[in-house]
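Just so we're aligned: the sequence shown equals residues 406 to 635 in the numbering used here.
The C-beta atom is built at its ideal place from N, Cα and C for all residues, glycine as well.
Remarks on the structure that follows.
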Amino acid sequence: MSKIAVISDIHGNLPALEAVLNDIKSKQISTIYCLGDLVGYYCFFNEVVQKINELKIPTVLGNHDDALINNKGVIARSKTCTQILKWQLENASASTISFLKSLPTHLEITHSNHSIKLIHAGLKDNVDEYLFDVNDTYFENHQLNEDLLVSGHTHLPSYKKLYSGKTWINPGSAGQPRDGNNKASYVIIDEGLNPEFIRVSYNYALVIEAMALNGFENYISEGLKTGKKL
Ligand SMILES: [Mn+2]
Numbered sequence: 406m407s408k409i410a411v412i413s414d415i416h417g418n419l420p421a422l423e424a425v426l427n428d429i430k431s432k433q434i435s436t437i438y439c440l441g442d443l444v445g446y447y448c449f450f451n452e453v454v455q456k457i458n459e460l461k462i463p464t465v466l467g468n469h470d471d472a473l474i475n476n477k478g479v480i481a482r483s484k485t486c487t488q489i490l491k492w493q494l495e496n497a498s499a500s501t502i503s504f505l506k507s508l509p510t511h512l513e514i515t516h517s518n519h520s521i522k523l524i525h526a527g528l529k530d531n532v533d534e535y536l537f538d539v540n541d542t543y544f545e546n547h548q549l550n551e552d553l554l555v556s557g558h559t560h561l562p563s564y565k566k567l568y569s570g571k572t573w574i575n576p577g578s579a580g581q582p583r584d585g586n587n588k589a590s591y592v593i594i595d596e597g598l599n600p601e602f603i604r605v606s607y608n609y610a611l612v613i614e615a616m617a618l619n620g621f622e623n624y625i626s627e628g629l630k631t632g633k634k635l
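The structure is reproduced here in structure tokens:
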């Protein structure tokens, strides 16, 4: 029985990524995929990129990754996100920048005879569109040819099986859960495209401490305690 794991929205939270990778190691997983947003929010963004790069985890581009390399760190709708990305741009290693520049906006893969499309956000805008729900009309309008769409960006674990037989899965966020559960989130997908949502505890105090040491205000990392949006 072959299973894949999908992680997303790590946002520089290395302790969360390490906890998730350790958990995946304990299970029989053939391949790990990542839906992007390696950077943004928390300090350990170089380390997160390095880890994903080292492990050769196929990854797509997220909106924070895109803002860092293509828009001078600016996310127009958020002063806080821009402030953090500007700091990350100043502190980014050359290998972080070149890795982010290598990321595709989508991936098409095959998993036990099923076709899967992997994106950070939505079908209309692969990099920055909030997909809180889907239906067959949306899939038809934006020509989803694959059996399964896996998207991140909302930080909310989601699953829907449609009338057409197509499936949608969102793994939730490893680095910044927003569903009221402070544990890192990821998903395992079996050969029948059934999701198993996994939550893993990690030491978020390390992240909060590192953010304070780098001079960021408390409100930015407080949400890690409760799993709520900042
Ligand atoms: Mn995002």
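Query	Result
Report the residue from 506, 478, 566 and 483 whose alpha carbon sits nearest the alpha carbon of residue 494.	478
Looking at residue 407 and residue 557, is the spacing between their C-beta atoms short of 9 Å?	no
So, helix, strand or coil for residue 469, using DSSP?	helix
Report buried or exposed for residue 418, applying the criterion of at least 16 other Cβ atoms within 10 angstroms of its Cβ.	buried
Express the C-alpha separation of residue 603 and residue 569 in angstroms, rounding to a whole number.	27 Å
For ligand 1, enumerate in chain order all residues having a CB closer than 5 Å to any of its heavy atoms.	442, 467, 468 and 558
Among the candidates 444, 562, 589 and 622, whose CA atom is the shortest distance from the CA of residue 427?	589
What three-state label does DSSP hand residue 653 in the structure shown?	Nothing in the structure corresponds to residue 653, since the chain is present only between 406 and 635.
Pull up the DSSP beta-bridge partners for residue 629, would you.	In the DSSP output, where bridge partners are listed per residue, residue 629 has none listed.
Mind pulling the alpha helix (DSSP H) runs of 4 or more residues that sit fully within the stretch 529-559?	541-546
So, with DSSP's three-state summary, where would you put residue 617?	helix
For residue 435, which of 606, 596 and 576 has the nearest alpha-carbon?	596
Based on the DSSP output, what are the partners of residue 439 in its beta bridges?	412 and 464
Which whole-angstrom value describes the C-beta separation of residue 619 and residue 448, a residue pair presumed to lie in contact below a C-beta threshold of 8 Å?	5 Å
What do you reckon, are the CB atoms on residue 514 and residue 463 nearer than 9 Å?	yes
Using DSSP bridges, identify the partner residues of residue 611.	Answer by DSSP bridge pairing: none, since residue 611 is not bridged.
Tell me, please, which residues DSSP counts as bridged to residue 589.	605
For a quick check, are the C-beta atoms of residue 559 and residue 566 less than 9 Å apart?	no
With DSSP as the reference, label residue 496 as helix, strand or coil.	helix
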